[in-house]
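Asker:
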């Protein structure tokens, strides 16, 4: 009986236990401040509607047919006669209050990363430039995404 117990103890130490392997997780791509740019028919009517929902104007020029509105951390842009459909917009280099971040990925660097992942772009930023620039892509359902940097390049 002692021999069997010793054998069981010995074998239990020899059995390989499965090792936990952590899946390699890519760090999140930092695209910057997010907003939804809405293609509106009448900017005055849209502004009045969103103000009733608690949004306030934080930027833009209604006379030029564009406004940026905010309600807490939610930001929307109202754009009359500027584009045909709503656009998901990211602004590299800006925080949620439209202030420049101390560190961020330049729009051209983001463009290179996205292209390397095999995503086709609708428009491209000129990679020989620096500072403000943008590029656009489309998700599988046809929703347009604008990566629009307004701040200068980091030195």
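Numbering (the working numbering), first residue to last: 6 to 160. Even for Gly, the Cβ is constructed at its ideal location relative to N, Cα and C.
In whole angstroms, what separates the C-alpha of residue 144 from that of residue 94?
Answerer: Each residue's Cα considered, the two are about 13 Å apart.
Asker: Helix, strand or coil, according to DSSP, for residue 124 in the structure here?
Answerer: Residue state, collapsed to three classes: coil.
Asker: Where are the alpha helix (DSSP H) runs, 4 residues long or more, that stay fully inside the stretch 77-145, in chain order?
Answerer: For the stretch 77-145, whole alpha helix (DSSP H) runs of length 4 or above, ordered along the chain, are 112-121.
Asker: With a CB to CB cut of under 8 Å and the five nearest residues on each side skipped, what residues in its chain are close to residue 49?
Answerer: These residues qualify, in order along the chain: 67.
Asker: Candidates 86, 113 and 34: which alpha carbon is nearest residue 46's?
Answerer: That would be 86, whose Cα lies nearest to the Cα of residue 46.
Asker: Do you know offhand how far residue 98's Cα is from residue 41's?
Answerer: Residue 98 and residue 41: Cα-Cα distance of roughly 17 Å.
Asker: What did DSSP end up calling residue 49 once you bin it into helix, strand or coil?
Answerer: Of the three classes helix, strand and coil, the one that applies to residue 49 here is helix, per DSSP.
Asker: Around the C-beta of residue 51, are 16 or more other C-beta atoms found within 10 angstroms, so that it is buried, or is it exposed?
Answerer: With 16 or more Cβ atoms within 10 Å of its Cβ, residue 51 is classed as buried.
Asker: Assuming residue 60 contacts residue 70 under a Cβ cut-off of 8 Å, what Cβ separation, rounded to an integer in Å, is found between them?
Answerer: In fact, because the Cβ distance is near 17 Å, the residues do not count as touching under 8 Å.
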